[in-house]
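Numbered according to my numbering, the sequence shown spans residues 199 to 374.
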Amino acid sequence: MDLDIQPVRLSLKEYKQVKQLYMRAFPKYEREPWTWLLIKSKYQRADFMAFYDQEQFVGFAYVIHSHGMHYILYLAVNDQIRSQGYGTRIINKLRSLYPEDSLALDVEQPNPQAANNQQRLRRLKFYRRNGFFPTPKLFKEEKVTFQVLATNKKINQGKIDKAFEWFSWPLGWLIQ
Numbered sequence: 199m200d201l202d203i204q205p206v207r208l209s210l211k212e213y214k215q216v217k218q219l220y221m222r223a224f225p226k227y228e229r230e231p232w233t234w235l236l237i238k239s240k241y242q243r244a245d246f247m248a249f250y251d252q253e254q255f256v257g258f259a260y261v262i263h264s265h266g267m268h269y270i271l272y273l274a275v276n277d278q279i280r281s282q283g284y285g286t287r288i289i290n291k292l293r294s295l296y297p298e299d300s301l302a303l304d305v306e307q308p309n310p311q312a313a314n315n316q317q318r319l320r321r322l323k324f325y326r327r328n329g330f331f332p333t334p335k336l337f338k339e340e341k342v343t344f345q346v347l348a349t350n351k352k353i354n355q356g357k358i359d360k361a362f363e364w365f366s367w368p369l370g371w372l373i374q
């Protein structure tokens, strides 16, 4: 059975559940301000989607669109029902929404010194199993380095940069 999608808006019945999952699933240093996510998702260049299996909220994704590439900024499965295949089903749904284009996302780069290295390795294995390939693109943050993965082995790194320029710039919707 296919997953249903609802846009994340204040009027969404599970609005609070989505926000709480966002807060639990991502450490503070990885989170963008919640209000900013909502504002940017009102434009065609970003989608904030809640996923449902029939009536049950199973997860969400936040996707930025840039010139034929779709960057999954956030993807989280409801922690009450993890390990039931919902992550794969969400990715498959995203692939069906954007069939011609590459999907991209980033993961914490594995690091044997990191306290959560096992989690990083599991996450990388999950995305590899779901058709994502490591790319040379890295984002070095203060606390961690992120590696970009994509469904196409070769990606245009400039498209990723443009996606983030639009997302981070208050007037980015003027740039096409």
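Quick reminder that beta carbons are idealized off the backbone N, C-alpha and C, glycines included.
| said: Here's a check: name, in chain order, each residue in its chain whose Cβ is nearer than 6 Å to the Cβ of threonine 343, leaving out the five neighbours to either side. | reply: Within the same chain, threonine 343 has close Cβ partners Gln307, Leu336.
| Are the stretch 349-362 and the stretch 320-333 in contact at 8 Å, needing three or more beta carbon pairs? | Verdict: yes, contact present.
| Assigned secondary structure, serine 264 (DSSP; H/G/I helix, E/B strand, else coil) | Judged by DSSP in its simplified three-state form, serine 264 adopts strand.
| query | In this structure, does DSSP put alanine 244 in helix, strand or coil? | reply | Alanine 244 sits in a strand when the DSSP states are folded into three classes.
| Beta-carbon separation (whole angstroms), alanine 259 vs leucine 236, contact threshold 8 Å | In this structure alanine 259 is not in contact with leucine 236, their Cβ atoms being roughly 15 Å apart against a cut-off of 8 Å.
| said: Using the three-state DSSP reduction, which class does glutamine 355 fall into: helix, strand or coil? | reply: Here glutamine 355 carries a helix assignment [DSSP, helix/strand/coil].
| message | Short of 6 Å in beta carbon distance, which residues of its chain neighbour lysine 357, apart from the five on each side in sequence? Order them along the chain. | response | So the list reads Ser264, His265, Met267, once near-sequence residues are dropped.
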